[in-house]
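Residue 334 in the working numbering sits at position 122 of the sequence shown; the count goes up by one each step and never skips.
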Amino acid sequence: MAFVRLRSLRKNALLRDLVSETKLATGDFIMPYFVSEGKNKKQPIKSMPGIYRLSLENLIRDAKETKSLGIKAVLLFGVSTKKDIYGTEAYRNDGAVQKAIKEIKKNIKDIVVITDVCLCGYTTHGHCGILNAKRGANVDNDRTLKILAKVALSHAEAGADLVAPSAMMDGQVKTIRDAMDKHGLEETGILAYSAKYASNFYGPFREALDSRPQFGDRRSYQMDFRNSDEALREIGQDINEGADIVMVKPALGYLDIIRRAKQDFNIPLAAYNVSGEYSLVKLGSAKGLFDEKKIVLEILTSIKRAGADLIITYHAKEAAGWLKA
Ligand code: PBG
Numbered sequence: 213m214a215f216v217r218l219r220s221l222r223k224n225a226l227l228r229d230l231v232s233e234t235k236l237a238t239g240d241f242i243m244p245y246f247v248s249e250g251k252n253k254k255q256p257i258k259s260m261p262g263i264y265r266l267s268l269e270n271l272i273r274d275a276k277e278t279k280s281l282g283i284k285a286v287l288l289f290g291v292s293t294k295k296d297i298y299g300t301e302a303y304r305n306d307g308a309v310q311k312a313i314k315e316i317k318k319n320i321k322d323i324v325v326i327t328d329v330c331l332c333g334y335t336t337h338g339h340c341g342i343l344n345a346k347r348g349a350n351v352d353n354d355r356t357l358k359i360l361a362k363v364a365l366s367h368a369e370a371g372a373d374l375v376a377p378s379a380m381m382d383g384q385v386k387t388i389r390d391a392m393d394k395h396g397l398e399e400t401g402i403l404a405y406s407a408k409y410a411s412n413f414y415g416p417f418r419e420a421l422d423s424r425p426q427f428g429d430r431r432s433y434q435m436d437f438r439n440s441d442e443a444l445r446e447i448g449q450d451i452n453e454g455a456d457i458v459m460v461k462p463a464l465g466y467l468d469i470i471r472r473a474k475q476d477f478n479i480p481l482a483a484y485n486v487s488g489e490y491s492l493v494k495l496g497s498a499k500g501l502f503d504e505k506k507i508v509l510e511i512l513t514s515i516k517r518a519g520a521d522l523i524i525t526y527h528a529k530e531a532a533g534w535l536k537a
């Protein structure tokens, strides 16, 4: 025989399934939520069809559904209406996120609660840290660390299983680890947004949190999308600082980074299938450009095939339903 028989294993669905190398599973997904203040709120986010800002009781109802579909973890973002230049609302003990953590833990059994630790949704200027007027309104790394530690502590004290620092400040993982250890919260883990790129794919998310930077952009702290060696340095650094899980974000345009991270480090790896990636698929599918179910499962499988152990995705609930069917 002068050729290799490759097609024989593609002949029918049974054989294809038998030899498939990547198995996408509902247990891989993490469902993000936008938590708002108030009562009985369910406010659609226009640029993200199917995603809402939910107040507490609606969040609990939805998260129960998420859990019953087989999804094991949620990621919470707070929607702030009381922004200031320091983002002080982010660490209020009775803030929307802090209350949501407690309520989820009280009402839903065996669900992992992860919280985003950042200031951009809480500052009037929309940047991820505190600004230093002397340095041309640049983000002040070290002063921001102190606030991020307070935010993380408030989440950990409320009962979060993992805090997820996403501000891209140097030293944020170590600062948060030290602060939690000092307060007897050694059990709370850190999911680090280690390789987070300054990406155009975050557009719709910024509508959800009303967190668009009021001037400039995030390129002085988030990563340059021309780089990949640097992503490995960021990830290595976060592991040294005490991260339990590391993340690459966004996912789809960054599959090469996911692959390199998986090859270089043996630590759980998450990928964030971000808002812009979600909305492209949603709007395109609504226009009949693709079969939504098929394209979503292809995208999520690609992220897994690249090497992600966990996928944070707004498609989580729908995809879980499709995988069950
Ligand atoms: C906070 C944060 C952002 C996202 C997650 N955490 C926005 C940003 O950096 O501008 C984006 C998530 C998404 O687009 O789905 N810093």
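For every residue, glycine included, the Cβ atom is placed at its ideal position computed from N, Cα and C.
Near ligand 1: residue i beta-carbon under 7 angstroms from a heavy atom
i    : result
G488 : yes
Y414 : yes
D354 : no
A379 : yes
R418 : yes
D328 : yes
R228 : no
S280 : no
S406 : no
S432 : no
S497 : no
S423 : yes
C-beta contact flag for residue i and residue j at 8 angstroms
i    : j    : result
S487 : Y526 : yes
Y282 : A308 : Reading off the sequence, residue 282 comes out as Gly, not Tyr. Not in contact: G282 and A308 (Cβ atoms no closer than 8 angstroms).
K253 : S267 : yes
T327 : A376 : yes
Y303 : S366 : yes
L271 : P244 : no
E453 : R389 : yes
A364 : I320 : no
N478 : I515 : no
T543 : L535 : The requested residue 543 does not occur in the structure, where the chain is confined to residues 213 to 537.
F246 : L522 : no
L509 : A531 : yes
R273 : S248 : no
A361 : T400 : no
L541 : E489 : Residue 541 lies beyond the residue range present for the chain, which begins at 213 and ends at 537; the question has no answer from this structure.
Y331 : I313 : Going by the sequence as given, residue 331 is Leu instead of Tyr. Their beta carbons are not under 8 angstroms apart, which means L331 does not touch I313 by this criterion.
Rounded separation between residue i and residue j - CA only
i    : j    : result
L495 : A410 : 23 angstroms
E398 : L374 : 11 angstroms
M260 : K474 : 30 angstroms
R471 : R222 : 26 angstroms
S491 : P416 : 7 angstroms
R219 : K235 : 20 angstroms
Y414 : K318 : 32 angstroms
R430 : G371 : 30 angstroms
K408 : G396 : 29 angstroms
L501 : N305 : 46 angstroms
D322 : P256 : 28 angstroms
N350 : R424 : 16 angstroms
K279 : A214 : 52 angstroms
E504 : Q434 : 31 angstroms
T293 : Q310 : 15 angstroms
S378 : S232 : 34 angstroms
A518 : K346 : 43 angstroms
I457 : N344 : 31 angstroms
N353 : G262 : 36 angstroms
N439 : A225 : 40 angstroms
K394 : G448 : 24 angstroms
Q426 : K461 : 22 angstroms
I469 : E442 : 10 angstroms
E269 : D436 : 40 angstroms
K251 : K258 : 20 angstroms
For residue i, the nearest candidate out of the options (CA to CA)
i    : options                : result
M381 : A372, R355, A368       : R355
G383 : A404, F413, H395, M435 : A404
K295 : G341, D274, V325       : G341
A368 : A237, V324, V493       : V324
G333 : Y298, N439, D521       : Y298
I242 : N353, L512, S292       : L512
K506 : V493, T300, A518       : V493
R419 : K346, E504, G338       : The residue asked about is misnamed: residue 419 is Glu in this sequence, not Arg. That would be G338, whose Cα lies nearest to the Cα of E419.
I451 : E277, V385, C330, L227 : V385
R402 : D441, K358, A482       : Contrary to the premise, residue 402 reads as Ile rather than Arg in this sequence. I402 has its Cα closest to that of A482, out of D441, K358, A482.
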